[in-house]
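In this note's numbering, the protein residues as written are 8 to 283. See below for the structure under consideration.
Here it is in structure tokens:
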């Protein structure tokens with residue numbers, strides 16, 4: 008199931024999608040849990056199922072639709088990734104980040120990554136929205152391993168500022184204007200699909216992480232490699248193992264994401280309106 012992705016395969020996928028887009032996107036948006044209905048706020052001008060795109064990975068997780076949607080938020084053209092693929096599904100990291108690379112090749116300059124995450128910062132509670140300020144990817148393989156695609160970026164890309172500082176300030180401002188509480192935190196990506204043990208969570212907290220999840224950081228790394236400007240937002244859907252009583256389960260994650268969905272969607276919609 009795992010495979011390396013060549014630049015020619017990226018080009019084939021991008022060409023297929025581009026031929027079906029009536030205009031060029033400026034912003035790329037990856038919808039995580041809690042944002043699945045975001046597209047309902049837009050008039051959709053193009054829909055392309057992942058299964059139709061050459062060489063493209065398809066999500067196997069229940070609740071993750073698999074398609075690109077093109078629409079406008081105000082005057083800003085947005086390419087929406089509804090449903091992502093994960094490393095734990097058996098895909099290679101090159102396959103996992105393929106959609107992000109394709110969105111860059113289609114013209115998107117800004118990438119907004121969203122996700123559901125476990126909270127490790129004691130000041131968080133389920134339903135907290137957190138702007139990602141930095142990330143830890145040391146526990147998953149880098150998507151940049153292998154032959155470098157020079158057309159995308161340099162062999163040794165700098166990761167000093169993965170998440171764009173100015174766009175982060177603008178997101179903070181939008182949240183304040185909308186009366187939405189937005190915390191800041193460092194995101195750590197683990198492989199999944201199992202949730203972490205309490206001992207692992209203690210280790211991650213010692214390293215300085217506030218959030219833990221199974222996506223996003225590898226996508227951000229690949230996007231940074233291409234020179235895209237990145238914004239990341241997590242919805243804390245549960246406190247991580249050992250941070251509260253009770254067992255962790257996917258149903259709880261979905262329920263919490265649904266409760267905070269309106270604020271989450273409003274924050275992203277107003278933000279795109281501002282940057283558009």
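In this text, a Cβ means the ideal position worked out from N, Cα and C, and glycines have one as well. All values derive from a computational prediction rather than experimental measurement.
Nearest-angstrom Cα separation, counted from residue j out to residue i
i, j, result
"residue 2", "residue 128", "In the structure displayed, the chain extends from 8 to 283; residue 2 sits before or after that span and is not available."
"residue 187", "residue 269", "11 Å"
"residue 222", "residue 126", "15 Å"
"residue 146", "residue 198", "7 Å"
"residue 246", "residue 259", "11 Å"
"residue 36", "residue 110", "9 Å"
Collapsed DSSP secondary structure at residue i in the structure displayed
i, result
"residue 113", "coil"
"residue 28", "coil"
"residue 233", "helix"
"residue 22", "helix"
Boundaries (first-last residue) of the alpha helix (DSSP H) holding residue i
i, result
"residue 266", "257-282"
Buried versus exposed call for residue i [16 or more other C-beta atoms within 10 Å across all chains shown]
i, result
"residue 162", "exposed"
"residue 46", "buried"
"residue 214", "exposed"
"residue 141", "buried"
"residue 25", "exposed"
"residue 172", "exposed"
"residue 93", "buried"
"residue 82", "exposed"
"residue 166", "exposed"
"residue 152", "exposed"
Start and end residues, beta strand (DSSP E) containing residue i
i, result
"residue 53", "51-56"
"residue 75", "74-80"
"residue 34", "34-38"
Note to self: My parser needs the beta strand (DSSP E) runs of 3 or more residues fully inside the segment 173-227; what are they?
What the structure shows: 189-196 and 218-220, all fully within the segment 173-227.
Margin query: I'd like the ranges of any alpha helix (DSSP H) spanning at least 4 consecutive residues and lying wholly in the segment 85-142.
Written below: Look at the segment 85-142 and you find these whole runs of alpha helix (DSSP H), each 4 residues long or longer: 100-103 and 105-112.
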